[in-house]
Every structure is written in structure tokens, then in C-alpha cells.
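**Q** I'd like to ask you about the structure that follows.
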Amino acid sequence: MPEPTKKEENEVPAPAPAPPPPTEPNKEKEAGTTPTKDEDEAFTPSAVPPGVGSRALERKDSEWSLGESPAGEEQDKQNANSQLSTLFVEKPQTGSVKVENITFIAKVKAEDLLRKPTIKWFKGKWMDLASKAGKHLQLKETFERQTRMYTFEMQIIKAKENYAGNYRCEVTYKDKFDSCTFDLEVHESTGTTPNIDIRSAFKRSGEGQEDAGELDFSGLLKRREVKPQEEEPEVDVWELLKNANPNEYEKIAFQYGITDLRGMLKRLKRMRRVEKKSAAFAKILDPAYQVDKGGRVRFVVELADPKLEVKWYKNGQEIRPSTKYIFEHKGCERIMFINNCALTDDSEYYVTAGDEKCSTELFVREPPIMVTKQLEDMNAYCGERVELECEVSEDDANVKWFKNGEEIIPGPKSRYRIKVEGKKHILIIEGATKADSAEYSVMTTGGQSTAKLSVDLKPLKILTPLTDQTVHLGKEICLKCEISENISGKWTKNGLPVQESDRLKVVHKGRIHKLVIANALIEDEGDYVFAPDAYSVTLPAKVHVIDPPKIILDGLDADNTVTVIAGSKLRLEIPVTGEPPPKALWSRADKAIMEGSGRIRAESYPDSSTLVIDVAEREDSGVYHINLKNEAGEAHASIKIKVVDIPDPPVAPNVTDVGDDWCIMNWEPPAYDGGSPILGYFIERKKKQSSRWMRLNFDLCKETTFEPKKMIEGVAYEVRIFAVNAIGISKPSMPSKPFVPLAVTSPPTLLAVDSVTDTTVTMKWRPPDQIGAAGLDGYVLEYCFEGTEDWIVANTDLIEKTKFTITGLPTDAKIFVRVKAVNAAGASEPKYYSQPILVKEIIEAPKIRIPRHLKQTYIRRVGEAVNLVIPFQGKPRPELTWKKDGAEIDKNQINIRNSETDTIIFIRKAERSHSGKYDLQVKVEKFVETASIDIQIVDRPGPPQLVKIEDVWGENVALSWTPPKDDGNAAITGYTIQKADKKSMEWFTVIEHYHRTNATITELVIGNEYYFRVFAENMCGLSEDATMTKESAVIAKDGKIYKNPVYEDFDFTEAPMFTQPLVNTYAVAGYNATLNCSVRGNPKPKITWMKNKVAIVDDPRYRMFSNQGVCTLEIRKPSPYDGGTYCCKAVNDLGTVEIECKLEVKVIYQGVNTPGQPIFLEGQQQLHSKDF
5 MPEPTKKEEN EVPAPAPAPP PPTEPNKEKE AGTTPTKDED EAFTPSAVPP
55 GVGSRALERK DSEWSLGESP AGEEQDKQNA NSQLSTLFVE KPQTGSVKVE
105 NITFIAKVKA EDLLRKPTIK WFKGKWMDLA SKAGKHLQLK ETFERQTRMY
155 TFEMQIIKAK ENYAGNYRCE VTYKDKFDSC TFDLEVHEST GTTPNIDIRS
205 AFKRSGEGQE DAGELDFSGL LKRREVKPQE EEPEVDVWEL LKNANPNEYE
255 KIAFQYGITD LRGMLKRLKR MRRVEKKSAA FAKILDPAYQ VDKGGRVRFV
305 VELADPKLEV KWYKNGQEIR PSTKYIFEHK GCERIMFINN CALTDDSEYY
355 VTAGDEKCST ELFVREPPIM VTKQLEDMNA YCGERVELEC EVSEDDANVK
405 WFKNGEEIIP GPKSRYRIKV EGKKHILIIE GATKADSAEY SVMTTGGQST
455 AKLSVDLKPL KILTPLTDQT VHLGKEICLK CEISENISGK WTKNGLPVQE
505 SDRLKVVHKG RIHKLVIANA LIEDEGDYVF APDAYSVTLP AKVHVIDPPK
555 IILDGLDADN TVTVIAGSKL RLEIPVTGEP PPKALWSRAD KAIMEGSGRI
605 RAESYPDSST LVIDVAERED SGVYHINLKN EAGEAHASIK IKVVDIPDPP
655 VAPNVTDVGD DWCIMNWEPP AYDGGSPILG YFIERKKKQS SRWMRLNFDL
705 CKETTFEPKK MIEGVAYEVR IFAVNAIGIS KPSMPSKPFV PLAVTSPPTL
755 LAVDSVTDTT VTMKWRPPDQ IGAAGLDGYV LEYCFEGTED WIVANTDLIE
805 KTKFTITGLP TDAKIFVRVK AVNAAGASEP KYYSQPILVK EIIEAPKIRI
855 PRHLKQTYIR RVGEAVNLVI PFQGKPRPEL TWKKDGAEID KNQINIRNSE
905 TDTIIFIRKA ERSHSGKYDL QVKVEKFVET ASIDIQIVDR PGPPQLVKIE
955 DVWGENVALS WTPPKDDGNA AITGYTIQKA DKKSMEWFTV IEHYHRTNAT
1005 ITELVIGNEY YFRVFAENMC GLSEDATMTK ESAVIAKDGK IYKNPVYEDF
1055 DFTEAPMFTQ PLVNTYAVAG YNATLNCSVR GNPKPKITWM KNKVAIVDDP
1105 RYRMFSNQGV CTLEIRKPSP YDGGTYCCKA VNDLGTVEIE CKLEVKVIYQ
1155 GVNTPGQPIF LEGQQQLHSK DF
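Numbering-wise (this note's numbering), the sequence shown opens with residue 5 and increments by one.
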């Protein structure tokens, strides 16, 4: 918070009137100090809280203002940068208009800009016109692709006189900035125009309605008969707080209805943080927003990437859309509205985009309390009861009373009482005195009232005044006076109240007042004054006591020692007595200390002698002497001065041990304790990458060792020490070396014996349940022989696997085994094997573990790979033998690989000859285990042997056939029957998956002649070939048999010929494109598509169709690479024909055209909408 100047502190609180409007805008622009009319009207407060100077009310572009203009410091930087980088090609020019439309144009060259620059229009210094756009103000922007020029326009509709003034246009692109100012002059139209506040013209219509955001110029209408009330502009409370003295915070908070002062200061401090430049946000939230209770507030951020997902939060809780919270998306802008703001909405808000966020504060202000009944001036006499009364607009409202601008704080010892009765507030003064004559005021959050109180005194006569007295030491002093009124009074001595004691008595009898002092002492000498209560009259008298010089050292220690802190100023005042006043002389080590202006000097006063040391140093310690001398005698005294200091900082602490969230540190005491014993130490820590230190102990640590806790595992920390003595806290020690709290892992789990031989033991285990941030570097396996406690490390280096073999062990020995997990924090607790292990290999009978899927017949198709893994057990390593159908396996066709725990049989490409029964024999010494596996290699079946037409009747044909000779080594699962008309010989499936070897085909067309064929089917699919009937079946009509005339057969064959050619086509990149043509020929020609004379075969980017002679090539999502010459080739037995066309693929940029709209170029064939 900035320190206010002394001038501001001495200013008398008063309303700050708005400065008069400027008469010469051009001079105003050059000077740069006088604000424009709009600025003065918008920021001149109607009332100023006590103690806040007018300078604190000056409007500045603060970081948290409701506008979008940059902060003052940023503005200065941008203005400096604008001299180096000029962005404007054409700047807006000053213009004049007479109640007409006017347009200001700014142009920016975009040759070197990667994205659109940001432009802002301002009126005056602060009014951002972007939020005022509507019916009376329009902002436009255009972009010319050929010249790469951005044009920005601001059009004012029907400009009026109050629109005149200074305007500013700012353009920003990354670190480049440029601005220019221009004036608008509006000439008077015919007739008189009343003075209108421009703020009313730029006042937005009601929020939440259909016309929300439009400018409401109803304030410009001329009002008749009713005298317009002068609107008071809204005072920016938070700007006042930022510029005010800290001791004025409470008054400003009360004046503007802020009840949570502590929370306000915390949030004000948090508002000063400067947000770092964000990669996700092109424009972040303002640091703070202010809204009245029941109002509406609008938060706006602008994203650098519009695809980012945005979430809004309030105090850490995500905000969901509702009638209260409304979200809008406008291009890259993300907007949140809060309707009907309540006090509960006064909190912190932030918005996240990806991993970044920006935050702001919302302040909700309550409506002000108004004074409905004003205070009245009063006159009273001393001693009377006075009541000042007023009324406010709300019951039990919080108001403050002031006396001459100073707040009145009632209390048990205060003469002022405040009484509240609903809306009525009363200030009660019991026993009014002359000092109560003042100007009293009452202040609420919405107003104040002032009244004057005048307290008069009754005339007082002095019958017997006090007289001066000279008294010897030990005699009685009696001061007596008489006044005309029987009132009490106060005795003072040298301006201090006189306190009664056994020796000093105050007597009051009627109009007589006495002060009696028995046994007069030196300290009784002085100026005595009797002051009657409620009167400004005083009765003075001087008392002079004669006495030899005396040095009074009562305020010092028993050994007359004075302790002073090094670097501070020592002013040792020694009271002295004596009449006449004695002369004092100070000395040290027989060297006199003279009066003057040195660092060490003496000062003499009538009742004391003072030794002054301006800046105490350690060398100033020693014994100082004072000598007093007057006519009555001499006095001597010695005073010891001890200069103490804060201790030197300790040396950097050492961290001796660390854990998961703790460490142990120790240090040495400082070399110099400052002349005072070390009371203890404060310890602080911080993260290595942070700059914020956190104190760990609030009670002094008496020892030189400490154990910090509650640290985050895996994060580097530093610690430092402060030494504390009676003087204060030393400077911090140097930070310790960075250390990282790390924890060892938990012990490994499930330690078990994997295998044992005559000289080795293989152990296996599972990783620890808890590993921690330090990770896991490896394991250490240890063993010891039974009867000893010497653990031997089995692995010299850490192992990462969870299995290890201990070698070189003597046969028949017994060992204990344990394993530890090791990381950067050290080794974990060991995991022990529960019992000793005998080092001797055990014969284990063989056992074959056939997988479940191999217990049934293992079926594979011809050409597929066969890879079977059969695990087994047995120790020592067993002997394995494979046989097929009782004979040895040909290892040239079948590969067999054996290991200690399994055997693998592998066939790269299976053939039907590989089918059979495979026998496996596992043998360990005299123990034998066998197992069998059935492998069946299957293939498609052959066609049926013979297909005959058994009978033809009506529209039906009866067929029969015999099963195929070759079933493909698998059962025949069915048959598929097809028919073909003799004319076209196109085959159509009639029946599928048919199990019998005879069938009846129905619903045949009368007059047609049919052939039939049958496919066999097994688990591998249909047979490759089909068996067709030798004869055809004629479906004859009922009635007389018609004998067809004999004609010569017509030759329908013809060479292929294209009836519709290919056409050159333009395609859009990313959208499917098709090439179409039609062809005829008999026999049916074979179609081949080619690109650049290369045939297109099995390319997933192309799809080819042929239906009724129409040939289509579909190119899926083409790119410029797919452009070229495409050719369609048709071939049959009678000839070959080709046709070509060109395809060109255009790339269209979405930044130029409307997204989602299909684009057709000149000369382009329009594609089907389904292709898009």
C-alpha cells in the first residue's frame, strides 16, 4: 500500500468538487495533466470519508479497474515501445461534424503479423468504447487478402455536442504497441441544447433483457418542468483503498459499507499480484470486479486456442450453468454472467484452460444507509446533560459519531454514551464541559449530518489566590486559595496531576482549597496550579526547596548498569536535585565528555543531566562518571553502560538424516552472542525452487538440533537458523545444502525358494507393497549359515529382477536367506525366509501340465502356424522324447525346442500331413510321465462328385448329388445350391448351408431354362469349385407343346466400347471424389483403373464399382498428391479400349472461406452433396 504524503494526512476531510470542464482541449492534450470532462464526471466522488485526501481520489488506470485498459506501468512501457514499433499505416484523423454520422478509420499492415492485431478505442483516458457498442456506436473491422491490410472503423451515429472530446486508438500485437489520439468537434445545431452528462448517454440498458448491451440515450432527452437531479458518479472504493494511508482503511470501509475489513485487506493484497503471461489465455480476467447487491456482472477471457476447454470455479468449486450463471462463447471469448448478485457471491473466481488458470475477485457492495433526520445545533451550560439525536433509514444500522472530525469511541471510562432505538441514534454527554464545545457529526455509509454544540461557563471570582513559597528541606508546605463557587478542582505540579499520599493531602471545604505537603522534599519543588473544574481559570504558585546537590539513580539497576542495544541511540537522563541548580560534569577514563554536537555528548537541564550516545557501538561499553556541584555541596556517582547487540547468524546447519517427511538437523551456536545469552533458535525451511520461507517453530528451540516434519517426499528443501537473545533475532544463517526427504520402501514380499541344487539355491520374491517417491533401485540378497550370525551379501551389485541364484554353496549345508529393497533413502527392513534351506538337490518326479485347450483335438487350417507350449516339472532336468503316431518326428518339417520347464512344438506352415497323434515322454531317472496331443489340420473340401436333375414339374426341379471325395480332413457341414438362366449364365444362390444330398428348387420362371451347381462346405468354408448339372431344366408352359422355329444364332459378341467418357474433374482436398464412365461389350469386359499409367490394385484409398455397365472410381479424401491422369481400361476377348481424364485437387484454407461450406472453383465439376 503506498505511503500517503504528509500533506494528505493534514488535509481537512471535505467533499472533493469536480474540477471545471476544460476550455482548450488542445492545450489539455499537450499538458497531459488536466483530465477530460468525461473523466472528471465519472470519477469525482460526492463525499470523501474522513482522513482521505483528494489526492487519493485521483483516477488512475489501476490493475483492477472495471475497464480493459492496461495498467499505468504497462501503459508507460507500451508508450515507450510505440516509438520503436509503428503498426499504423493510416491513423484516425481529427474531425468535426454537425449532428451527423462520422466515421474514424485506422489501417494496420499485416505483412509481418501471424494473427490479427488487437485494437481498442477509448474516449478520454479510461472509457473503453468496446463495451458501449450498440445503436449509437458501431465498431467494424475488415481484412483485404490481396493487400494484407486490416481496416478498423469506429462510427458514431448522429453525433451530439456532448460526444465531443479527445479519443484514443490503441493497437497491440505481441510486444508491439502503437497508439494515436484524435479529437471530435461537434458544432452547435440550431436551438439551445441543455448541458447533458455524457455518462448518461453511454449508460447501458437493463441487463438480462433482449436489448441488453445497447446504449441508452434516453438521458439526452430534454427534461421540462422537473428540475434534473445531479447524479453523483460512482466512487471507486478499491482505488481509494490502494491510494489511502493504511490508518484510513477502517474509515473508508465503513464509509462504503465494507464490513469484512480483514478479508478486504487480504484480498486487496492478493489483487496486487501481477499475473504472468499465459500461453493459454490471450486476454485474462481483470484482477477484480465490483458490483452492487442485486446487480449483474460479466467476466470475459479470451483464449489463444478456441479448442481449449474452459471451466469456471468459485472458491475451488466448479460452476455449473444455471439461471444465475450463464455462459457464452463468442469466437475465442469465453463469457460468464452472474445474475442477481448477492453477498454470498463476494469471493474469488478463477477459470482454467488446460493446465493454466487465471483468477479474479468479485466484490459485492450493500446499498448505503441514509440519514433521514438531521442533527440540530444546541447550546448548554457546564455540568448539564446533552443529547444529540438523529434518525437513519434502517433499523440498528452501523453509524459513527465524530467530534471535530475525530471518531468518538464510547467505553466504560468515556463520558460519551451512544443510545440506539430502532432508527433513532442518540449521543449522550454527561456533565458537559467547555471542552465539549465542538462540531459533532454522524456518518453512515450513505450520508452524514453535522451540528454544533456550544457549552458556556458561569463567571468565577478568585477571593484568595495562591502565593509563592520558599521552604527548607523537611518543612511543611501549605498552599491555600479561595474562590466564589463551591466547586471541585484539580491540583497539578509542573503540569502533572497531584496524587494524594500519606505525606500529601488535598483539602476541600466549601470555597476553600488547600494542598498540604509534610516533610518537604526536593521533588516537591515546582510550579503548582489549582484549576477549578469546568473553568479555564487557573491559580498558580511556585514552591522552591533549598537542598544540596543530589544524584537520583532510582531508575537504574542495583549496580547502576544501563544496557543499550548496538546501533540505537542512548539518552541516559539522570535526575538531579539541588538549590541552586548544580553544574554537572561527565567523564570516562579520566576524559571529560563535553557538551556539544559529538556522537557522545552531555546535555544539562535544570532538573536532570543527560548523557547522549547517538549510535551506540560495542566499544562504548564501560564506566561513566557524573559530578554535581553547587553552593550547597557536591555529589558523585558512577554508571556502567553495557552495549548489547543481536547475535551473529549461526553457521549453515547440517542435515544428518532424512526420512519420508522428516529430517534431523544440527548446528553450532553463533560465535558472538551479542553480549546477551542465547535464548534459543528459530528454524525456517523452504522448497528449493521457492522463495518463500516458512517458520517451523513458534516456541524457541533451546537445543542445537531440530527435527522438521510434514515435508513432501521427493521435494528438495533447504533450512536456515535464526539465533535469538534478549535483544532480538539475528540475521538468518546461510541455507543448508539442499536435501530431499525420502523414505525407504517396505520390505519385499512373498520370499520363497524357487529351486535347490547341490551347490546353488534360487530364491524369488515379490516387490514391496509401498515404494514411495524415491523409487526402487534394486535388491540385495543376503544369507548366513545355520549357527552363525554373519550375513553374507550374495549379489555384489544391485539386481532389478525378483529372482536370484546363490552359487558356490557347500552341499548339505543349511542357510538362512533374507532380501532387502534398496533406493536412494537406503535399504528397507529385510524380509526373512521362515526356515533354514538345505543345500541339496531333491529328485522331483516328472509331471506334464497339458494346457486345457490341448486336452481336446487341436485344429488348425492349412498354411497356419502351429506353436504349442507344454510345461512340465521334474528335477534334475528330465529327458524329453516326441513321437507322432508311434514314429519319430521328422525334425526337418517340425521344430522342437526344449527348456528346463517347458517344451515347444512349432510348425511354420501346417499341412494336412501334419495331422495325427503326438506323444510326449518326460523321464527323470526311473520316473516316466507321458501325454498325448491330437492335432488336426483342415482345409476346404472338394466339390460334390455328381449333380443330377431327378425331375422337373411345374415350376419345380428336383436335384440330387453325391458327397465330395475330399472332405478337407473335416466333416461336411452343408451345401450351397446356385441357379443360372441359360441366357445370361449369371449365378444366383438358392439355398445355403443345406445338409441333405437332395433338394427341390421352387418358384422358377416359366419359359426359362436353368442350370444348377452345388458347392460343398465344411468348417473352413465353401469348396473352391462347384459341380454343375450336365443337362438343363426347362420350365415349360402348360398346354400344347410349341416347337420353336429354327433360327440361325445371332452373334451378340462385340468389342468393348465406352458410351460415356471420363471428364476432367476438380476436387477439394479432404472431400471424397468420384470418376464415372459407362462401357458396353460382350463378353462382359474386365475393367482396370490406372493412375499415371500404373494400375490401381488393393489400395485402400480407392474404391471401384461396376453396375450395369457404369464404372465408378471413388477417391477417399484426396490430397494434392492424388492429382494426375486417371485411365479406365476395358478388355474382353474381342479387344481393348481406354479412356483418360485429369484430376486436380485444390487445397482450400478455412481462414478465408466460411467453415462448413462446400467450395466450387472455376471450371470445377460440382460433386454430390453426399461426397461432402
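Just so it is clear, CB atoms sit at the ideal spot from N, CA and C, and this is done for glycine as well. Every value quoted in this text rests on a predicted model; they were computed, and no experiment measured them.
In this structure, does DSSP put A442 in helix, strand or coil?
**A** Note: A442 maps to strand in three-state DSSP.
**Q** Less than 7 Å separating the beta-carbons of T581 and K546?
**A** No, the pair does not count as a contact, with Cβ atoms beyond the cut-off.
**Q** For Y1125, name the three-state secondary structure that DSSP assigns.
**A** Correct three-state label for Y1125: helix.
**Q** Based on the DSSP output, what are the partners of G782 in its beta bridges?
**A** Beta-bridge pairing links G782 to V826.
**Q** Label I1010 either buried or exposed according to how many other C-beta atoms from any shown protein chain fall within 10 Å of its C-beta, with 16 as the threshold for buried.
**A** Burial call: exposed.
**Q** Who pairs with Q294 in a beta bridge, going by DSSP?
**A** F367, per the DSSP bridge assignment.
**Q** Can you tell which of W590, V728, W697, E577 has its C-alpha closest to the C-alpha of P651?
**A** Minimum Cα distance to P651 is reached at V728.
**Q** Check each candidate in W671, K644, S591 and name the one with the smallest Cα separation from L632.
**A** The option with the nearest alpha carbon to L632 is S591.
**Q** Between V926 and the ligand FMN, is the CB less than 6 Å from at least one heavy atom?
**A** The ligand FMN is not among the ligands present in this structure, which contains no ligands whatsoever.
**Q** CA-CA distance, G1139 and P1060?
**A** Approximately 7 Å, taken between the alpha carbons.
**Q** Are the stretch 599-615 and the stretch 573-587 touching, with three or more C-beta to C-beta distances below 8 Å?
**A** Yes: the two stretches touch, three or more of their Cβ pairs being nearer than 8 Å.
**Q** Can you list, in chain order, the residues of its chain with a C-beta nearer than 8 Å to that of I841? Leave out the 5 residues immediately preceding and following it.
**A** Contacts found: V757, V760, V765, K818, I819, F820, V821.
**Q** Of the choices C1081, V1114, V1151, whose alpha-carbon is the least far from that of I1180?
**A** The first residue shown for the chain is 5 and the last is 1176, placing residue 1180 beyond what the model contains.
**Q** Would you say L519 and A455 are within 7 Å of each other, going by their C-beta atoms?
**A** No, the Cβ-Cβ distance between L519 and A455 is not below 7 Å.
**Q** So, with DSSP's three-state summary, where would you put N166?
**A** Looking at N166 - three-state DSSP - the assignment turns out to be helix.
**Q** Counting Cβ pairs closer than 8 Å, one from the stretch 493-512 and one from the stretch 444-452, do we hit at least three?
**A** No: the two stretches stay apart, fewer than three of their Cβ pairs being nearer than 8 Å.
**Q** From which residue to which residue does the beta strand (DSSP E) around G626 run?
**A** Where G626 is concerned, the enclosing beta strand (DSSP E) stretches over 626-634.
**Q** Among S964, I323, E1021, I682, whose alpha-carbon lies nearest the alpha-carbon of T1004?
**A** Residue S964 is the option with its Cα nearest to T1004.
**Q** To the nearest angstrom, how far is the alpha carbon of A891 from that of T815?
**A** If I take the Cα positions, the gap works out to 42 Å.
**Q** Could you tell me which residues DSSP puts in a beta bridge with C394?
**A** Beta-bridge pairing links C394 to H429.
**Q** Rounding to the nearest angstrom, what Cα-Cα distance links R1084 and C1131 in this structure?
**A** Their Cα atoms are separated by approximately 17 Å.
**Q** What's the gap between the Cα of E1118 and the Cα of A1073?
**A** Using only the alpha carbons, I get a separation of about 14 Å.
**Q** What's the C-alpha gap between P1104 and F147?
**A** Their backbone Cα atoms lie some 42 Å apart in a straight line.
**Q** Which term fits H918, buried or exposed, when burial requires 16 or more other beta carbons within 10 angstroms of its beta carbon?
**A** When all chains shown are included, H918 counts as buried.
**Q** Does S100 come out as helix, strand or coil in the three-state DSSP assignment?
**A** Three-state result, S100: strand.
**Q** Can you tell me which of the three DSSP states R622 falls into?
**A** Three-state DSSP puts R622 in a helix.
**Q** Could you tell me the boundaries of the beta strand (DSSP E) in which G1178 lies?
**A** Residue coverage of the chain in this structure runs from 5 to 1176, which leaves residue 1178 outside it and unanswerable.
**Q** Please name the residue, chosen from G358, V314, A778, Q321, that lies closest to M340 on a Cα-to-Cα basis.
**A** Looking at the Cα atoms, V314 is the closest of the given residues.
**Q** Given a threshold of 16 other Cβ atoms within 10 Å of its Cβ, counted over all protein chains shown, does Y1125 qualify as buried or as exposed?
**A** With fewer than 16 Cβ atoms within 10 Å of its Cβ, Y1125 is classed as exposed.
**Q** Check each candidate in L872, E915, V994, H140 and name the one with the smallest Cα separation from I900.
**A** When only C-alpha atoms are compared, the closest one is L872.
**Q** Taking the beta strand (DSSP E) that Y1051 belongs to, which residues open and close that run?
**A** Looking at the DSSP string, Y1051 is not in any beta strand (DSSP E), and its letter there is neither H nor E.
**Q** Under the three-state reduction of DSSP, which class applies to S917: helix, strand or coil?
**A** Reduced to three states, the DSSP call for S917 is helix.
**Q** Can you find the residues in the same chain that come closer than 6 Å, C-beta to C-beta, to S1183, ignoring five residues on each side of it along the sequence?
**A** The chain is shown from 5 up to 1176; residue 1183 falls before or after that span and cannot be answered.
**Q** For R1000, which of K986, Y1015, I981, F992 has the nearest alpha-carbon?
**A** Answer by Cα proximity: I981.
**Q** Going by DSSP, which residues form a beta bridge with E145?
**A** F156.
**Q** If you pair each beta-carbon of the stretch 795-806 with each one of the stretch 709-723, do three or more pairs fall below 8 Å?
**A** Taking 8 Å as the limit for Cβ pairs, the verdict is that the stretch 709-723 does not touch the stretch 795-806.
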